Structure formats: structure tokens, C-alpha cells
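Here the structure comes first, spelled out in C-alpha cells, and everything after it is commentary.
Protein chains: 2
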Amino acid sequence: MRIYTDCIPCQIRQALNSIKMLTKDEKLINEALKKSLETASNFSSYENIFFIYKDIQDIIKKIMPDADPYKVFKEQFNRICMNLTDDLKRLIQNSNDKFEMGLKVCLSGNSIDVMQGQKISEELLKRAIDSSLKQKLDNSKIKLLKDKIQKAKNILFIGDNSGEIVFDKIFIELLKNEFLKSGKITYVVRGGPTLNDATMEDAVLVGMDKVVEIITTGAALPAAYFPLCSEEFLKYYANSDLVISKGQGNLEALIDEKKDIFFLLKIKCSVIAELLQGRHKVDDIVIESMNRN
Amino acid sequence: MRIYTDCIPCQIRQALNSIKMLTKDEKLINEALKKSLETASNFSSYENIFFIYKDIQDIIKKIMPDADPYKVFKEQFNRICMNLTDDLKRLIQNSNDKFEMGLKVCLSGNSIDVMQGQKISEELLKRAIDSSLKQKLDNSKIKLLKDKIQKAKNILFIGDNSGEIVFDKIFIELLKNEFLKSGKITYVVRGGPTLNDATMEDAVLVGMDKVVEIITTGAALPAAYFPLCSEEFLKYYANSDLVISKGQGNLEALIDEKKDIFFLLKIKCSVIAELLQGRHKVDDIVIESMNRN
Numbered sequence: 029m030r031i032y033t034d035c036i037p038c039q040i041r042q043a044l045n046s047i048k049m050l051t052k053d054e055k056l057i058n059e060a061l062k063k064s065l066e067t068a069s070n071f072s073s074y075e076n077i078f079f080i081y082k083d084i085q086d087i088i089k090k091i092m093p094d095a096d097p098y099k100v101f102k103e104q105f106n107r108i109c110m111n112l113t114d115d116l117k118r119l120i121q122n123s124n125d126k127f128e129m130g131l132k133v134c135l136s137g138n139s140i141d142v143m144q145g146q147k148i149s150e151e152l153l154k155r156a157i158d159s160s161l162k163q164k165l166d167n168s169k170i171k172l173l174k175d176k177i178q179k180a181k182n183i184l185f186i187g188d189n190s191g192e193i194v195f196d197k198i199f200i201e202l203l204k205n206e207f208l209k210s211g212k213i214t215y216v217v218r219g220g221p222t223l224n225d226a227t228m229e230d231a232v233l234v235g236m237d238k239v240v241e242i243i244t245t246g247a248a249l250p251a252a253y254f255p256l257c258s259e260e261f262l263k264y265y266a267n268s269d270l271v272i273s274k275g276q277g278n279l280e281a282l283i284d285e286k287k288d289i290f291f292l293l294k295i296k297c298s299v300i301a302e303l304l305q306g307r308h309k310v311d312d313i314v315i316e317s318m319n320r321n
Numbered sequence: 029m030r031i032y033t034d035c036i037p038c039q040i041r042q043a044l045n046s047i048k049m050l051t052k053d054e055k056l057i058n059e060a061l062k063k064s065l066e067t068a069s070n071f072s073s074y075e076n077i078f079f080i081y082k083d084i085q086d087i088i089k090k091i092m093p094d095a096d097p098y099k100v101f102k103e104q105f106n107r108i109c110m111n112l113t114d115d116l117k118r119l120i121q122n123s124n125d126k127f128e129m130g131l132k133v134c135l136s137g138n139s140i141d142v143m144q145g146q147k148i149s150e151e152l153l154k155r156a157i158d159s160s161l162k163q164k165l166d167n168s169k170i171k172l173l174k175d176k177i178q179k180a181k182n183i184l185f186i187g188d189n190s191g192e193i194v195f196d197k198i199f200i201e202l203l204k205n206e207f208l209k210s211g212k213i214t215y216v217v218r219g220g221p222t223l224n225d226a227t228m229e230d231a232v233l234v235g236m237d238k239v240v241e242i243i244t245t246g247a248a249l250p251a252a253y254f255p256l257c258s259e260e261f262l263k264y265y266a267n268s269d270l271v272i273s274k275g276q277g278n279l280e281a282l283i284d285e286k287k288d289i290f291f292l293l294k295i296k297c298s299v300i301a302e303l304l305q306g307r308h309k310v311d312d313i314v315i316e317s318m319n320r321n
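Here the protein sequences line up with chains A and B, keeping their order.
Converting from the first sequence to this note's numbering requires adding 28 to each position, the first position being numbered 1.
Converting from the second sequence to this note's numbering requires adding 28 to each position, the first position being numbered 1.
Okay, structure coming up:
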């Protein structure tokens with residue numbers, strides 16, 4: 029994927045947000061910002077935005093070693109989402125089409141854009157879910173996904189954010205109880221702390237490990253970007269016959285892949301809308317599949 | 029004013045938006061972005077954010093000489109706002125308190141944040157005005173401003189954006205017709221194209237020159253930042269006994285001034301909320317006066 033210039037100011041904003049969550053020391057903040065700007069100024073020599081992201085995060089790690097800027101935030105977000113689990117499960121059980129409602133709940137977990145500076149609260153989350161559940165999805169894609177899930181042997185479900193992982197768990201439990209035939213689901217988290225993305229720690233906190241096998245991408249990156257992923261992840265990927273990919277980062281990383289991939293996400297910026305060739309607009313909640321095989 | 033690190037990613041975003049409005053040539057866009065990042069990386073050696081802004085805009089001017097990125101946008105925005113003039117004047121004339129309603133209309137002109145990438149339309153503008161008019165203002169400040177306007181000899185009204193200048197004109201006409209006693213208003217526009225800010229061209233387009241005397245700051249900057257303003261502007265400023273300042277940029281430039289200044293603005297970012305010591309939050313529409321004399 030080429031580097032979109034529109035992503036560069038966001039990389040700077042993310043770097044600044046990350047360091048400011050770790051320290052109030054202006055000298056350290058200034059140092060991280062200065063070095064991030066210098067790194068980003070070489071953007072045209074990079075192959076991919078994820079390498080820029082990595083180099084900028086490495087600057088922050090060097091200044092504040094072993095720190096996970098979003099640790100407290102992620103734990104809070106997971107707990108707020110877990111509090112909603114029973115209500116959401118009831119909503120699915122009482123609906124006319126459990127698969128569709130389960131999928132919508134799963135999608136709604138991607139609908140809050142916490143990275144753009146919103147403070148999280150149960151009220152904000154409920155509003156985001158409500159508005160997400162009201163959006164119309166492409167019925168033929170829902171049907172296709174259901175069909176593929178029922179036929180699949182090895183489903184690789186690549187997660188995105190903390191909090192959102194709770195919604196993924198609700199959907200995956202529904203699939204296991206009512207829609208999977210002989211297929212198996214493996215859930216993928218990030219290989220280390222990266223923004224507010226779900227890691228093994230989040231998976232264990234929300235109990236995803238009690239439901240399915242969990243692996244990591246092997247990379248502390250907000251996307252399953254192959255050149256930085258582990259051999260183990262690549263093997264699971266190769267052996268899967270259906271991939272479910274949550275969120276923007278995974279879409280950016282996987283969009284050119286020749287495989288059966290369903291992308292579930294809320295479109296949060298114009299770069300992603302452009303990547304999807306203008307079929308959707310910013311704030312849309314979508315299921316996309318490339319249907320390449 | 030110290031430089032807030034939070035302003036740096038916005039400077040990069042603005043630079044990118046500006047160059048992309050001028051050209052589709054990726055080489056030129058990349059060059060402008062690279063140089064803007066390099067310039068911004070020296071932020072801690074700058075005295076003020078406006079010098080950073082100036083240096084970054086100079087980069088764009090060097091790459092695309094004599095071009096005003098927002099020219100077309102500004103003209104469209106002015107015309108959309110002019111279309112609403114009769115309705116807004118009627119609203120004021122039919123209200124119980126014409127001064128308050130006129131002031132609210134004037135403030136509502138600052139309520140759309142076009143610099144954050146929203147596309148402008150009459151519908152969007154109407155919604156922004158409606159929501160702005162519904163916000164509660166500090167009654168004691170309204171009364172104080174009215175009182176000061178009635179007593180003032182030389183009012184300096186420092187404008188902000190194109191489009192918004194139409195709303196300023198409606199308020200200024202109301203003041204001239206019903207509230208000014210012996211006082212005179214001078215309206216200030218920017219000294220040259222700078223973002224979507226109003227310049228002499230906009231003032232003439234909307235007919236502000238038919239209503240009051242117009243001067244410029246002498247600087248192509250989105251704020252009346254004294255170290256870069258003309259002698260003429262500074263003389264008018266010194267001779268004024270009341271200043272009305274619209275928008276965030278002017279607030280940033282004038283906040284530490286020892287003079288009777290009323291700041292009218294919508295708060296669009298956390299830096300400005302912080303500058304006002306947390307008395308308001310982002311998205312509030314406010315009248316602030318420092319009451320220093």
C-alpha cells in the first residue's frame with residue numbers, strides 16, 4: 029500500500045498523545061515530538077506507513093522504556109464493555125435474526141473512535157452502539173459471510189482494539205453455539221502494546237482465552253502487517269480458509285491479499301474511504317469482502 | 029504565549045490541506061509536507077506559534093507562488109452566508125432583545141469549524157447557526173459589552189474568517205443603527221490570504237466597506253499578532269478604547285493584552301479551553317473579557 033500523506037499528521041498526533049499519556053515532563057514531550065517530526069519528514073523513503081509508525085513508537089519507547097501509554101485506558105474500556113455484555117447478549121437472543129444482530133453487535137465494537145481524543149464513558153459507548161446498530165448493512169454480504177462461516181474449517185479472526193474485543197467475544201460465542209459446524213476459530217491479538225489495540229493481556233482479562241485459541245501477530249503494530257508479523261502468525265494465516273478482519277489498520281494491511289477476507293469496520297477517515305474506492309463514506313459501518321477466490 | 033505542543037500536529041495538517049487545495053502533483057505535495065515537518069521539528073526554538081505558521085506557509089508560497097489555497101472556498105462561503113442575511117436580520121428584528129440576538133448571530137458566524145475539513149453547505153451552516161443560537165451566554169457579559177459599546181469612542185473590531193464576516197456585518201449594522209452613540213467602529217481584516225480568514229477582498233465582496241472603515245493587520249497571519257502587524261494597525265489599536273476580537277487566533281494573540289477586549293468565539297480545541305483556564309469546554313460559544321482596566 030502506498031503511503032498517504034494524509035496519514036502523516038495523524039502519526040504525529042498519535043505520537044504526541046502517547047507520550048503525553050506517559051509523562052507531564054515537558055522536556056521529554058518536546059524531545060519525543062521533535063524526533064517524531066524528524067522521522068516523519070523522511071516519510072517518502074518509507075515503504076509503508078506501518079514502518080513509520082514503528083520508528084515513531086520506538087522513539088517513545090526509548091524515552092520511556094517499558095511503558096504502555098494506553099494501559100489504564102484499555103483496562104477501563106474493557107471493563108465498561110464487559111458491563112454491557114448481558115444486555116447485548118439479550119438483545120441478540122431476542123432478535124429475529126441472531127446472526128445479523130450478533131454481527132451488528134460485533135461491528136458496533138469498532139464504532140468508537142477513541143484514538144481521536146474522545147474520553148470514554150459507558151454513556152458515550154451506549155450512544156455509539158445505538159447509532160451503530162441503526163445503520164443499514166449490505167444484506168447480501170451478511171448472507172455471504174454467514175454461508176462462508178458455516179462452511180469454513182479454519183477461521184482466523186483478527187481483532188483490533190481493547191474494549192472491542194468484548195464485542196468480538198459475544199459474536200464468537202454465538203457462532204460457536206449456533207452457527208459453526210465443524211469449523212474452528214482462532215482469535216488474533218497484537219504482539220505487544222500498540223495504541224489502544226487488544227493484546228494477550230486484554231484477551232485474558234475479558235476471558236476470550238476461555239472461548240477460543242488465541243495467537244498474536246508477533247508485532248506491536250496496530251495492524252496485521254505481514255513483513256513485521258511472526259512466522260507462527262503467518263502459518264496460521266496460510267492455513268486459514270476464511271479471515272475476519274476488524275478495523276482500519278487490518279484493512280490497510282490486508283487489502284491487497286488474495287484470500288477470502290471479510291473486513292468489518294467503521295470508516296473513521298478519508299484515507300480508508302478512498303482505499304475502498306469511495307463505496308462508503310466516513311462514519312459508515314461496513315462489511316467488505318474482496319471475493320478474490 | 030508559550031507554544032503548545034498540541035498545536036504542532038494541527039500546523040502540519042493545515043500545511044497539508046493548503047498545498048492539496050492548490051495542486052494534485054504528488055511531488056509538490058510531498059515536498060511541502062517534508063519541509064513543513066522539518067520546520068515544525070524546530071518548534072522549541074520558536075518564540076510563538078505564529079512564527080511557525082508563517083515559516084510553513086512561506087514554504088507553500090515558495091512552491092506555489094501567488095496562490096491563495098482557499099480563494100474558491102472563501103468566495104463560496106461568503107455567498108452562502110450572504111444568502112442567509114435577510115432571515116438573520118428578521119430574526120434579530122423580531123426578537124425581544126435585539127442586542128443579545130444580534131450578538132448571538134455574530135457569534136454563530138464563528139461556529140463552523142471549516143478548517144477541520146468539513147465541506148461547507150447552506151444546510152450545514154444553518155444547522156451550526158441553530159445550535160449556536162441555542163447556547164446560553166453569560167448575561168452579565170452581554171450587559172457589560174452593550175454598556176461598553178454605548179460608551180466607546182473608538183471600537184476596533186478584529187474579524188476572523190470569510191463567511192463569518194457577513195455575520196459581523198449584520199451585528200455592526202445593528203450597532204450603528206440602534207446602539208452606538210458617538211462611537212465609531214473600525215473593522216480589521218487580515219493583511220493577506222491566510223487559511224480561510226477574511227481579507228480586504230472578502231470585506232469588499234460582502235459590502236463591509238459600505239458600512240464601516242476597514243483596515244488590515246498588515247500581516248498574512250490568522251491572528252492579530254503584534255510583532256508581525258503593520259504600524260498602521262498598531263496605531264489604530266493604541267487609539268481604540270474598546271476591542272472586539274473574533275475567533276481563536278485573535279484570542280491567542282491578544283490574551284495577555286492590558287486593554288478592554290471582548291473575545292467572541294467558539295472554542296474548537298483543547299488548547300484554547302486551557303488558555304481560558306478551563307472556564308469553558310470545547311464546542312462552547314463564549315464571550316470573554318479580561319476586565320483589566
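Just so it is clear, CB atoms sit at the ideal spot from N, CA and C, and this is done for glycine as well.
Treat the numbers as computed from the prediction; the structure is a model and nothing was measured.
What is the DSSP secondary structure of tyrosine 81 of chain A, reduced to helix, strand or coil? helix
What's the call for glycine 187 of chain B, buried or exposed, on a 16-neighbour Cβ count within 10 Å? buried
Helix, strand or coil at arginine 30 of chain A [DSSP, three-state]: coil
Apart from the five residues just before and just after proline 97 of chain B, which ones in its own chain have a Cβ nearer than 6 Å to its Cβ? Ser46, Met49 and Leu50
Serine 149 of chain B versus chain A: which residues are under 7 Å apart at the beta carbon? Per Cβ cutoff of 7 Å: no residues; serine 149 of chain B is ~15 Å from chain A at best.
Contact criterion: CB-CB distance below 8 Å. Does aspartate 34 of chain B meet it with respect to chain A? yes
Chain A beta carbons: is any one of them nearer than 8 Å to that of glutamate 66 of chain B? yes
Taking the DSSP output, what are the residues bridged to valine 314 of chain A? A:Leu293
Could you compute how far the alpha carbon of lysine 89 of chain B sits from the alpha carbon of aspartate 311 of chain B? 32 Å
At a cut of 8 Å, does the stretch 150 to 157 of chain B reach the stretch 281 to 291 of chain B through at least three beta carbon pairs? no
Can you say whether proline 255 of chain B is buried or exposed, counting buried as having 16 or more other CB atoms within 10 angstroms of its CB? exposed
Does DSSP classify arginine 218 of chain A as helix, strand or coil? strand
According to the Cβ coordinates, are threonine 292 of chain B and asparagine 138 of chain B closer than 8 Å? Note that residue 292 of chain B is leucine in the sequence shown here, rather than threonine. Closer than 8 Å, so yes.
Taking serine 210 of chain A and lysine 181 of chain A to be in contact with their CB atoms under 8 Å, please state how far apart those CB atoms are, rounded to whole angstroms. 7 Å
So, with DSSP's three-state summary, where would you put threonine 67 of chain B? helix
Check this for me: beta carbons of phenylalanine 71 of chain A and isoleucine 36 of chain A, under 8 Å apart or not? yes
Can you name the residues of chain B whose CB is closer than 9 Å to the CB of asparagine 58 of chain A? Thr33, Phe71 and Ser72
Min CB distance arginine 40 of chain B to chain A below 8 Å: Here residue 40 of chain B turns out to be isoleucine, not arginine, going by the sequence shown. Answer yes: the Cβ-Cβ gap between isoleucine 40 of chain B and chain A drops below 8 Å somewhere.
Which residue wins for smallest C-alpha separation from glycine 57 of chain B, given the options A:Gly235, A:Asp34 and A:Thr244? For the sequence presented, residue 57 of chain B should be read as isoleucine rather than glycine. Cα-wise, what sits closest to isoleucine 57 of chain B is A:Asp34.
From which residue to which residue does the beta strand (DSSP E) around glutamate 241 of chain A run? 241 to 244
Leaving out five residues on either side along the sequence, give the residues of the same chain with a beta carbon under 7 Å from the beta carbon of cysteine 257 of chain A. Thr245, Gly246 and Ala247
List the residues of chain A that leucine 303 of chain B touches, going by C-beta distances under 8 Å, in chain order. Chain A residues near leucine 303 of chain B: none, gap ~17 Å exceeds 8 Å.
Who pairs with serine 273 of chain B in a beta bridge, going by DSSP? B:Ile186 and B:Phe291
Per-residue burial, proline 221 of chain B [other beta carbons within 10 Å of its own, 16 or more giving buried]: buried
Would you verify that the beta carbon of lysine 296 of chain B is, or is not, closer than 8 Å to some beta carbon of chain A? no
Over what stretch of residues does the alpha helix (DSSP H) that includes aspartate 230 of chain A continue unbroken? 228 to 234
How about threonine 214 of chain A and isoleucine 193 of chain A: do their beta carbons lie closer than 8 Å? no
Considering only the alpha carbon of each residue, which of B:Leu282, B:Lys274, B:Leu61 and B:Gln276 lies closest to leucine 262 of chain B? B:Leu282
Count the other C-beta atoms from every protein chain shown that fall within 10 angstroms of the C-beta of proline 93 of chain B, then say buried if there are 16 or more, exposed otherwise. exposed
Chain B contacts made by the stretch 163 to 185 of chain A, where a contact means CB separation under 8 Å: none
Which chain B residues are close to lysine 204 of chain A, counting only those with a beta carbon under 9 Å from its beta carbon? Chain B residues near lysine 204 of chain A: none, gap ~42 Å exceeds 9 Å.
Extent of the continuous alpha helix (DSSP H) to which threonine 51 of chain B belongs: Segment: none, threonine 51 of chain B is in no alpha helix (DSSP H) and carries neither H nor E.
Beta carbon of valine 100 of chain B nearer than 8 Å to that of leucine 116 of chain B: no
Neighbourhood of asparagine 321 of chain B by C-beta distance below 8 Å, restricted to the same chain and skipping five residues each side: Annotation note: pLDDT 48 at asparagine 321 of chain B (below 50); position unreliable, no value reported.
Determine the DSSP secondary structure at aspartate 225 of chain A, reduced to helix, strand or coil. strand
For chain A, is any of its Cβ atoms less than 8 Å away from the one on proline 250 of chain B? no
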